[in-house]
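Protein chains in written order, with the working numbering: chain A, 12 to 277; chain B, 49 to 372.
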Amino acid sequence: MNRKLPLFRRAFLDPWRSTLGWAGGLAAAIALYLPLFPSIGGSSQMQGMINALPPEMTKALNYDQIATGTGYTQATVFGLIGFLLMTIATVSWGAAAVAGDEESGQLELTLAHGVTRIQVALERALAMALRVVLLAVLVHVLILTLNESAQLKINPQNLFGATVMFAGLALLSGTGALFAGALTGRKAYGLAVGAAIGVLGYVFNAVGRQSPDLNWLLNLSPYHWAYGNSPVTNGADWAAAGWLWGISAGLVLLSAVALQRRDVGA
Amino acid sequence: MKQAIVVEGLRKQFGRREVLHGIDFSVEPGSVFGVIGPNGAGKTTTMRCLLDIIRPSGGHVQVLGEDPRHAGPELRRRIGYLPGELFLEQRITGRRLLDHYAAISGPVKPGRIDELAERLDLDLDRHTRKLSKGNKQKLGLVQAFMHSPELLVLDEPTSGLDPLVQQEFLAMVREVRNNGQTVFLSSHVLSEVQQAADEVAILRDGKIVTVATVDALRETALRHLRLTASGITADDAGALLSRVPGVGALEVLEVGDGVEVSAVLEGGIQPLIQALSMLELKDLVLEEPDLEESVLKLYGMPGNGKRNGAGRKPLEALKGAGDE
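Written out as structure tokens, the structure is:
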């Protein structure tokens, strides 16, 4: 009966439908975007259209390198649709892990059993991280599979680095949501903080790139830490990866401490 | 043997609002202790303090000889807990959910889950979120009882259960008590716990009004009486009934050629029956003793009917709160 990590197993295995759903969404987005590269991103016509756009807009959307396969993959999958889907997923998981469970009255019953609160926070964070890794692996494998046929010319090593960044960026929003939820017990606060990390990171990156005067905004943008050097083209900035994953780990520990210190369900 | 639960001066504040104003009680091992009180009296808060789900603002709590704040998961393995509001919204079967709780709780004897489910007539292979309120409650009870904990903390255990299952639940409580396990349960009405409990604490607005044995409470019990009789005038009926010892709050209405009477009765019913035998009764309702109301009236509490001038048993009839 006493199998290892019962809380983790439950948090990881029970929502398999949700994991599968997000995997399907990511796979569909990748399968829709990447095969179009030869006819859209790679054509001179497209480059002409991009050139006709206001440069501010091109920068904001990271479309400045869209004419190359790596730039196209960076801008569309990692930078936009994949980022969006993954962030929504992790924010909802992070907010649900403690605060959502608490609001629905189920955390109380779990805590009444032979578990510690630290264990609850850590095992559930681990489940979230593993689900993120699982989705990131799927993204990596799908892009590799399409690399040839879509003429993307991505170096697999750089793709790996970009995927690590992609997962780390999404996880940061998720652990932010987890922490705010564990601190307050309110799912709405968790969702708000997680979404804010994602959205503000994106906005700071878009605005910060507009002029040297605003460059300082880039330092505040996890999105820019992850993607500032276009990892699909240039490989990951591993120090930045360390920051993303390290801050996430820190937020998980803070979540455990926050949950440990307060009343539950009050 | 040490007491199963000792609570001394327990206070709890949420923000500036204090919901427990220093309560004291203790529960003997192997006994059934009920706490009753209206909604918002602090029953759930008290129970959550026993399980370290919320932390006291002041006072001492000892559960099975340990401080729940610091004893950690090992103590909670020895407790079975049923929360007051049970939400089981997962898309998993009752059996899998119970397996999960078994994995994070004390060991469960093989076959114990099925045995309990059968007694309560619960289908373990249905998804929990499709269960009715009563069936969820049964699942919660199985979860609390399955690892045969030394202490059961049950918050409103009978809510949502139909009368047959309630009887089965009471039988389960008696069984675990005979096993030497301790039960601490709550309800908002005393009639639900009086059959099961040895001792009852009455909690109101975050304070314990009294701790008494059920027998002691019964001595002070009030019963409501209603009757219609024919062939008698209101004056005669009033005179007849007011002579019966223990009758109070007498109201007699003349209706047609008879009367409608309502009253409360305290103490034995034999004198009343003798008096009633002289009447031509058309209808008679003598309710079960309302122990709760009698206790609240005894203490002059507002909110449950008007105070009644009739003499009451002295406070000494009840065991005082926090006797040590």
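Every residue gets a Cβ at the ideal spot worked out from N, C-alpha and C, and that includes glycine.
- Residue 65 of chain B is bridged by DSSP to B:62.
- With fewer than 16 other Cβ atoms from the protein chains shown falling within 10 Å of its own Cβ, residue 117 of chain B counts as exposed.
- When rounded, the separation of the alpha-carbon atoms in residue 278 of chain B and residue 284 of chain B is 12 Å.
- Residue 276 of chain B is bridged by DSSP to B:308, B:331.
- The DSSP assignment places 181-193 as complete runs of the alpha helix (DSSP H) inside the stretch 179-224 of chain B, in order along the chain (cut-off: 4 residues).
- Per DSSP, the unbroken alpha helix (DSSP H) holding residue 212 of chain A starts and ends at 198-219.
- If you look at residue 135 of chain B, you'll find it isn't in any alpha helix (DSSP H); DSSP assigns it neither H nor E.
- Between residue 332 of chain B and residue 275 of chain B, the gap from beta carbon to beta carbon is short of 8 Å.
- Here residue 134 of chain A really is in contact with residue 19 of chain A; their C-beta atoms are around 4 Å apart, less than 8 Å.
- DSSP, read as helix, strand or coil, puts residue 266 of chain B in helix.
- Going by beta carbons, residue 192 of chain A and residue 260 of chain A fall outside the 8 Å limit.
- Scanning its chain for C-beta atoms nearer than 7 Å, with the 5 sequence neighbours on each side dropped, one finds around residue 93 of chain B the residues 60, 67, 68, 102, in chain order.
- Of all residues in the stretch 153-172 of chain B, only 153, 154, 155, 156 place a beta-carbon less than 8 Å from a beta-carbon of chain A.
- Relative to the Cα of residue 266 of chain B, the nearest Cα in the group B:235, B:313, B:288 belongs to B:313.
- In the DSSP assignment, residue 255 of chain B forms a beta bridge with B:252.
- Put simply, the CB of residue 115 of chain A is near chain B, with a gap under 8 Å to one of its CB atoms.
- Here residue 198 of chain B is buried. Its C-beta has 16 or more other C-beta atoms within 10 Å.
- In the three-state DSSP reduction, residue 140 of chain B falls in the coil class, being neither helix nor strand.
- The beta carbons of residue 282 of chain B and residue 295 of chain B sit no closer together than 8 Å.
- About 3 Å separates the beta carbons of residue 82 of chain B and residue 241 of chain B, which is inside the 8 Å limit, making them a contact pair.
- Taking 8 Å as the upper bound for CB-CB distance, residue 111 of chain B and residue 58 of chain B are not in contact here, some 12 Å apart.
- Using beta-carbon distances, residue 248 of chain A does not count as an interface residue toward chain B, since no partner is under 8 Å.
- Burial is judged here by how many other beta carbons sit within 10 angstroms of a residue's own beta carbon; residue 181 of chain B has fewer than 16 and is exposed.
- No Cβ-Cβ contact shorter than 8 Å links residue 157 of chain A with residue 258 of chain A.
- The Cβ neighbour count for residue 204 of chain B, taken over all protein chains shown within 10 Å, is at least 16; the residue is labelled buried.
- When rounded, the separation of the alpha-carbon atoms in residue 78 of chain A and residue 55 of chain A is 8 Å.
- Counting only the Cα atoms, residue 50 of chain B lies some 35 Å from residue 64 of chain B.
- Bounds of any beta strand (DSSP E) do not take in residue 83 of chain A; it lies within the alpha helix (DSSP H) bounded by 80-84.
- Using beta-carbon distances, residue 134 of chain A does not count as an interface residue toward chain B, since no partner is under 8 Å.
- By the Cβ-count criterion, residue 154 of chain B is buried, with 16 or more other Cβ atoms from all chains shown falling within 10 Å of its own Cβ.
- One finds 148 in chain B with Cβ atoms closer than 7 Å to the Cβ of residue 21 of chain A, taken in chain order.
- Per DSSP, residue 235 of chain B lies in no alpha helix (DSSP H) segment; the continuous beta strand (DSSP E) that holds it begins and ends at 230-235.
- Residues of chain B with a Cβ closer than 8 Å to the Cβ of residue 119 of chain A are, in chain order, 96, 101, 131.
- From the beta-carbon of residue 127 of chain A, the residues of chain B found nearer than 9 Å are 120, 121.
- Taking residue 220 of chain B as the centre and dropping the five residues before and after it, the same chain places no C-beta closer than 6 Å to its C-beta.
- Taking the Cα positions, residue 186 of chain B is about 33 Å away from residue 266 of chain A.
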